[in-house]
Structures are given as structure tokens and as C-alpha cells.
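Quick notes on the structure that follows.
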Amino acid sequence: MGSDSVSILTGNENKPTPISTKEEDELPNSSSTALLSFSTDFSNSPPKPVTSSVLFISLVLSASIALAAAIAFGFLFFTSSSSASSLKSDSTGVISRSLSKLKTPVVLLISSDGFRFGYQFKTDTPNIDRLIKNGTEAELGLIPVFPTLTFPNHYSIVTGLYPAYHGIINNYFSDPLTGDQFNMASHEPKWWLGEPLWETVVNHGLKASTYFWPGSEVNKGTWNCPKDYCMFYNGSVPFEERVDTVLNYFDLPSDEIPSFMTLYFEDPDHQGHKVGPDDPQITEAVVEIDKLIGRLIRGLEERGVFEDVNIIMVGDHGMVGTCDKKLIFLDDLVKWIEIPKEWVQSYSPLLAIRPPPGYSPKDIVAKMNEGLKSGNVKNGEYLRIYLKEELPSRLHYSASDRIPPIIGLIEEGFKVEQKRSKRQECGGAHGYDNAFFSMRTIFIAHGPQFARGRKVPSFENIQIYNLVTSILNIEGAPNNGTMSFAKNILLPSH
Ligand SMILES: [Zn+2]
1 MGSDSVSILT GNENKPTPIS TKEEDELPNS SSTALLSFST DFSNSPPKPV
51 TSSVLFISLV LSASIALAAA IAFGFLFFTS SSSASSLKSD STGVISRSLS
101 KLKTPVVLLI SSDGFRFGYQ FKTDTPNIDR LIKNGTEAEL GLIPVFPTLT
151 FPNHYSIVTG LYPAYHGIIN NYFSDPLTGD QFNMASHEPK WWLGEPLWET
201 VVNHGLKAST YFWPGSEVNK GTWNCPKDYC MFYNGSVPFE ERVDTVLNYF
251 DLPSDEIPSF MTLYFEDPDH QGHKVGPDDP QITEAVVEID KLIGRLIRGL
301 EERGVFEDVN IIMVGDHGMV GTCDKKLIFL DDLVKWIEIP KEWVQSYSPL
351 LAIRPPPGYS PKDIVAKMNE GLKSGNVKNG EYLRIYLKEE LPSRLHYSAS
401 DRIPPIIGLI EEGFKVEQKR SKRQECGGAH GYDNAFFSMR TIFIAHGPQF
451 ARGRKVPSFE NIQIYNLVTS ILNIEGAPNN GTMSFAKNIL LPSH
């Protein structure tokens, strides 16, 4: 338990401790995200956190990985510097386009849940393609935060904070200090740290609207989820109705049009869980999402504002197939250590364990890893257990008391369960290490502040907060993103 986490959870809940991350001192375009964006292209094996994973594998394997890493770093050295310069040269001589009808900038942030990067290649998506062709795209996708789950990621997108700092560290968790349980219907402000974009926007005297977004119903600071501008979550509202409601905001007098709007669709995450990412049902869902984007574009064009609106279309995470034999059972570890189910806060894909007081997390980690590496636990080699403080630092997943002390990283597509059962199911899941390419989602941005037809390297979604505040020309709250990133992505103002 680090005392740093206590200060975050017990301090002024509306003002998170400003966080400086190492990345800020590195290249403006963040070599760490470049590492993620390029390292996964070398093979289908999981990206290796170079220093820590070497401890776990045999000498032979580690030698080959070290070689691969060396090549990757060499490659990186060139790609990160060349992508940084191509970013700059792309934007020189081009400035943001002036608004034709709107008086002030508007950002429409759209989330298509579980839209794995690459789904757009499954089928014809003429409307999404139009945004890509005339806008700016993360060429190899947007990198979610860890854990690659819906609530942590949506809230990172709108706060610019890693989950340890915005407090939503999982879709379900408990507060160790009070014992209170968080779930996806928890709207008490105490859970939701940081300053989400709707609050920042309202703080600056502008209007914001939310058509669903995790955290948007929470009354926090100046944001009181105003009727007509803040929809309470109801998954049964047809997607078309959501689009039309957003379009209607553009019919308001100009000073009443929200400067920042959110729009959320549950698909194709919904289908991805049921059938996995490679089923024709996903293709159908992607076609439907594309039609909704078409409906939106048409509506904006009819109102003469399509070229005026900054549309940012993202997903929260990707999806990977999970099936029958890829299971690891905690009860198989009983020869080394017994892990009662009461200790386990979540199993898959984020294994999170909080033993009761009196037990040493360090000993538990050592014994679990001993069993997993013994060769006598089925699929044991696909699970590694860490003290949260010893997780790879690129995951930024330790600085909160809400994060249980013991975290397991699971190989892509595998699942952890307590005990064997007859249940055999195939489907899809997400929540794994954010370095897996399958966890990536999309970033597509179109509008006056985005260059046309531009590709940028992959980046983490915590950068989006600053992107939005830069477009709206307002000062944001402290966060984990960098201002240099927004400057590099956006066209300079005229
Ligand atoms: Zn999901």
C-alpha cells in the first residue's frame, strides 16, 4: 500500500493530484506509445515488457526476445523520429479551416464500444471511410488504457487520466477503506475522480451534452447532468434516436448549441462478447454502425454544419476470441497455495486478488508464480502474477488503494476461473494488457482542426482530453496527456 495512493483517494475528490509521467519528458510524440505501436507488428506473440518478462522465460527464449527487442528498438529509433518529423511536415503550410456556419468550435465525441481496430476492413464502410479519407486517423489504431475494459477506458478518454488516478480501476471493484462496492450503475461522485470534459467545458461557461458516457450522469462540481442535455443511460434507446437527438442540438440558437457532445453505441462490443471478433455478426454490426455515421453526416450536411463540426470517433477497446481450452484454474494451484474465491475481486481478463490482512501479498505472488511455472498447472505459463507495484510501469496500474495488491496478467485469449466446470463456451473478451494489438480500437477525427487524409502513429487514449480542450480553446485540468501531442495532431489555428 503506497501512501501516494492514499493521498489520491482521500484528497479533494474533485481535484486529483496532478500527475507527471515519464513520457512527458520524452519525445513529444511519446516514444513509449510508438513502442507499443510498432512492437506488436513483429509477431503474434504477446508484446514483452522487456525487462520483467525476461525473468520468467527460459534462457533460450529470452535470448531470442532480447534480439527481437534490440531490432525493435533499432527500428523504433528510426520510425519514431521519422514519424515525428512527418507529423510536422504534414501540417506545415496547412492551417485549420474557418467555420462557415457555427460561431464557435464544436466537438462531437462518438464511442462505438468494442470497435476493434481492423473491423473497418471487414466490409464496406463508406461513411466511416469518408471521415478517414478527409480526416486524421491513427493508422494502426488507438491504444486503450489498462485494464482494457469499458468503464476505465471511457473515463480515461474524458479525463485524460489513467484509471489509477481517475478512480474507475475496473468495471466492478470495492473500496478497501469503506468496503463499499462500485458497479457500472454507481453514480455517487466519490467514485469518479478527476475532471471529465463535460465539467471542464461547463466551467468555462460553455454548454456540454452527453448522450450516454460512463460518468456523465454523476453530479460533480459544476456539472449537474442537466435535463435535455444529459441522457440517463438506457440501453434500449434505438441508436437512430440517439443520432437524431444530437442532430437536433444543431437546430438550437447558436449560443445554446453544446460545444462538446458525446454519443455512445453499445455495438459491436455486444456482439463481440457473444460470438468473438471473427463472426459474421460483427460484420453486420459494423455495417450498422457505419449507417449511423452516414445518418449523422447527412443530418449535419442538411444543417450546413458538417464541415464545421470536429467529429472524433473512437472505441474504448478491442476484442479477442476466447474459447474452451484456454482456461487456467486457481484451484490447480492448491499444492502451492490456496486462493479462496473470497480473495478474488475479478478473474478475467484482469485477475485481481486482495488477501485479507495478515497475509503477505509478496509470499502469495511468489507461491502462485512457482506453481504456474512448475509445468504442472494446466496453461500455467499463460498467467503471471505481480505485486501491483511491480507491474510493468507502462501499465500505470498501481497508484490507487482501490487496485488490489495482487494482479495477474493473462495471455491474450485465455481466461482464469476458480475451478473446473462443465461449462464450455466460446465468445470474445477484452480487459487484457493494452499492448496486445487485439485490444486496440479506432481513432478517426474529421473537422476544421484536423488535416485531411492524414495518418498518425498509434497513441494512448489519455491524450484525447487535451485534444478536445485545445480545439475548444479552453484550459483543461491537470492530466496524464501532453499538450505537445495536441499541438502535433491539430492543425494550427488561422
Ligand atoms: Zn465489453
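Mapping of the sequence shown onto the UniProt record's numbering: residues 1 to 494, in sequence order.
Even glycine gets a Cβ: it sits at the ideal position worked out from N, Cα and C.
Give me whichever residues DSSP pairs with residue i in a beta bridge.
| i | result |
| --- | --- |
| I220 | The residue asked about is misnamed: residue 220 is Lys in this sequence, not Ile. DSSP output for K220 lists W223 as bridge partner(s). |
| S112 | F265 |
| A445 | T136 and I312 |
| R460 | The question names Arg, yet the displayed sequence has Glu at residue 460. Bridge partners of E460: I143. |
| R130 | According to DSSP, which records beta bridges pairwise, R130 is partnered with nothing at all. |
| V107 | F260 and N310 |
| R454 | T136 |
| G427 | T322 |
| A352 | S346 and I407 |
Smallest Cα separation from residue i: which of the options?
| i | options | result |
| --- | --- | --- |
| W343 | K326, L327, P361 and I328 | P361 |
| D269 | T150, V94, K133 and K415 | T150 |
| H166 | W191, S421 and N183 | W191 |
| S400 | T104, I143, I168 and L142 | I168 |
| P404 | K415, K388 and F146 | K388 |
| G315 | A138, S96, K103 and L99 | A138 |
| E240 | Q281, R384 and G299 | G299 |
| S421 | I328, S393, N183 and T283 | I328 |
| T178 | R402, A445, N473 and K415 | R402 |
| G194 | Y465, L142 and N473 | Y465 |
| V416 | R354, E370, K367 and D324 | D324 |
| D113 | A366, G272, N369 and A352 | G272 |
Return the chain-ordered list of same chain residues with a C-beta closer than 7 Å to the C-beta of residue i, the five sequence neighbours on each side being excluded.
| i | result |
| --- | --- |
| L391 | Y397, S398 and I407 |
| S81 | At S81 the pLDDT is 35, less than 50, meaning the model places this residue with poor confidence; the figure from the coordinates comes in the next sentence. The answer is none, since no qualifying residue turns up. |
| S53 | Low confidence applies here, because S53 scores a pLDDT of 38, under 50, leaving its location unreliable and the question unanswered by this model. |
| D331 | Q418 and K419 |
| V202 | A208, T222 and W223 |
| V94 | A451 and L491 |
| E412 | P46, V320, Y432, F436 and S438 |
| E370 | W336 |
Since residue i and residue j should fall inside the 8 Å C-beta cutoff, what is the C-beta to C-beta distance between them, to a whole number of angstroms?
| i | j | result |
| --- | --- | --- |
| G453 | N134 | 7 Å |
| G428 | V275 | 7 Å |
| S470 | G318 | Not a contact, Cβ separation roughly 27 Å. |
| S259 | T104 | 6 Å |
| G141 | F117 | 3 Å |
| K101 | V305 | 5 Å |
| N170 | P147 | 6 Å |
| P356 | I364 | Not quite, the Cβ-Cβ distance comes to about 11 Å (not below 8 Å), so this is no contact. |
Short of 6 Å in beta carbon distance, which residues of its chain neighbour residue i, apart from the five on each side in sequence? Order them along the chain.
| i | result |
| --- | --- |
| E24 | Because the pLDDT at E24 is just 33, under 50, the model does not fix this residue reliably, and the value given afterwards should be weighed accordingly. Within the same chain, E24 has close Cβ partners T482. |
| Y264 | S111, F212 and W213 |
| G294 | N127 |
| G358 | none |
| P196 | V158, T159 and G215 |
| Y386 | I407 |
| I474 | H204 |
| A486 | N466, L467 and S470 |
| S493 | S96 |
| Y229 | S209 |
| L131 | I444 and H446 |
| L472 | P105 and S259 |
| S348 | K415 and V416 |
For residue i, which residues from the same chain have a beta carbon less than 8 Å from its beta carbon, with the 5 sequence-adjacent residues on both sides left out?
| i | result |
| --- | --- |
| M261 | V106, V107, L108, L109, A208, S209, T210, Y211, V246 and Y249 |
| V286 | F115, Y119, Q120, K122, T123, T125 and P268 |
| V145 | P152, N153, S156, Y162, P163, H396, N434, E460, N461 and I462 |
| E302 | none |
| S374 | W336 and G380 |
I'd like the ranges of any alpha helix (DSSP H) spanning at least 4 consecutive residues and lying wholly in the region 363-423.
none
Curious, which full-length alpha helix (DSSP H) runs of at least 4 residues does the region 159-237 contain?
163-166 and 197-203
Curious, which full-length beta strand (DSSP E) runs of at least 3 residues does the region 296-349 contain?
Within the region 296-349, the complete beta strand (DSSP E) runs of at least 3 residues are 309-314, 320-322, 327-329 and 344-346.
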